[in-house]
Every structure is written in C-alpha cells, then in structure tokens.
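Here the structure is laid out as structure tokens; the discussion comes afterwards.
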Amino acid sequence: MSRMTLNFEDYLLVMWEYQESFGKVSETDISKRLKIRPPTVNEYVHKLQQMGLVQIKTREVSFTNSGKRFTIPIVRAHRIAEVFAQKVLEVPWEEVHKAVMDLEHLFSGNYGENLYKHLGYPSTCPHGNPISVAEKDSSASVMISPEGTYKIKRIIFEDYSLLTKLANVSILPDTTVKIYKDGRTELEGPGGSIYLDDSETQMVHLKKTS
Ligand SMILES: [Zn+2]
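Residue numbers 1 to 210, in this note's numbering, belong to the letters of the sequence shown in order.
Below, the structure is given as structure tokens:
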C-alpha cells in the first residue's frame with residue numbers, strides 16, 4: 001500500500017466486504033487485507049468501538065446499527081468512484097478497486113452524488129456490487145450453488161488477485177459461466193477455466209436462474 005496513513009473509512013470498507021462475503025470479520029482479516037500490523041489494527045478497531053461504530057467479541061468485530069448507517073454511504077461512494085475510474089479514467093476492471101481507495105474520500109457527500117448523476121446513475125460498481133447498498137442480498141455464492149450454467153452477478157470481495165484471475169479468463173459480471181464441482185470448484189468462462197479455492201467461492205455470487 002503506497003499511502004502513509006489509512007483512513008478509518010478503509011477499515012469500515014474492508015469490514016463491510018468481509019461481512020458481506022463471509023458473514024464475519026476478525027482483526028486478523030483486516031490486518032491481512034490492509035497489510036497493517038495487528039497491534040495497529042487492534043488500536044484502530046478500539047477507536048471505532050469508542051465511536052460506537054463497532055463491537056468486539058474476543059477478536060471478532062461486528063458493526064453496531066449506527067456503524068452500519070455510517071458505513072453504507074462509504075461503500076456507496078467507493079462503488080461510484082469505481083464506475084468513474086473505469087468509465088472516465090479507463091482503469092482496467094481488475095484494478096479499479098485499488099485505484100479508487102484514495103479518490104473515494106473526495107466523492108462522499110454531495111460531490112459524489114453529482115458524479116453519480118454525470119455517470120448516468122449506474123446501478124452497480126464494475127464488480128456488480130449495488131450502488132444502493134443493501135444489508136442483505138439474496139444472490140447465491142458459488143459455494144452454495146450446484147453445478148450448472150449461471151451468469152455472474154457480483155464479486156463481493158474485491159480482492160486484486162481474484163479479480164485478476166477472473167479477468168484473465170474474461171469472467172466479469174453478466175458473463176455466462178459453467179460451474180463444475182468435482183472435489184474442486186471449476187469456473188469455465190469465455191476465456192478459459194479457473195479453479196476457485198474455498199474462500200473465493202464465497203466471494204463470487206451468481207444470478208438467480210429462473
Ligand atoms: Zn467494485
């Protein structure tokens with residue numbers, strides 16, 4: 001990470017991502033994802049607790065209701081900034097998440113809503129995650145879906161190595177994929193096949209087939 005300091009918004013964004021993908025988040029997860037030493041994460045998380053935004057049980061962190069209310073606009077700003085980065089700055093799909101980590105702080109509040117208007121009110125970020133951030137999502141992860149043909153809905157956990165892996169075989173939101181489960185989980189897309197590990201199968205969600 002090139003920046004010297006991390007905004008606490010980054011913590012909340014990462015927590016949201018873990019919560020949505022795995023239903024839980026620990027200080028270790030945050031530490032790994034943000035590449036910050038555990039004691040620093042611990043200190044930050046306690047600050048967030050003092051602010052009433054999170055609660056901590058053993059090492060697991062979760063949002064309070066006011067924490068959720070506070071974080072939803074941050075997630076929204078992130079997703080709008082990603083659309084901007086992809087459409088206007090022409091940042092490649094797998095890099096937009098990383099690219100906007102600084103920008104999005106500029107885009108919260110009214111400026112972000114102006115940008116949203118100029119972008120033509122997109123409904124999702126480039127990874128398929130809704131700009132109108134909802135707490136619950138009914139889409140099914142690859143993990144819980146049986147073998148079959150699906151369309152990709154969203155990559156909830158915007159992990160650079162996963163995004164790169166998917167982009168290499170042209171698997172993006174709306175792409176049709178075949179899922180094979182034979183001990184391992186295989187995703188066949190327009191540009192070839194990849195295997196997902198267990199945690200990655202929770203990060204990729206599929207559209208409901210009707
Ligand atoms: Zn995204």
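From the three backbone atoms N, C-alpha and C, an ideal C-beta is built for every residue, glycine too.
Shown here, Glu-20 sits in a helix according to DSSP, grouped into three states. Rounded to the nearest angstrom, the gap between the Cα atoms of Val-41 and Lys-32 is 10 Å.
Scanning its chain for C-beta atoms nearer than 7 Å, with the 5 sequence neighbours on each side dropped, one finds around Lys-165 the residues Ile-194, in chain order. Chain-ordered, the residues whose CB falls short of 6 Å from any heavy atom of ligand 1 come out as Arg-79, Glu-82, His-97, Cys-125, Pro-126, His-127, Asn-129 and Glu-158. When DSSP states are grouped into helix, strand and coil, Leu-48 belongs to the helix group. The Cβ atoms of Asp-174 and Ile-156 do not sit closer than 8 Å to each other.
Across the structure, Glu-104 and Glu-186 are spaced so that their CA atoms are roughly 34 Å apart.
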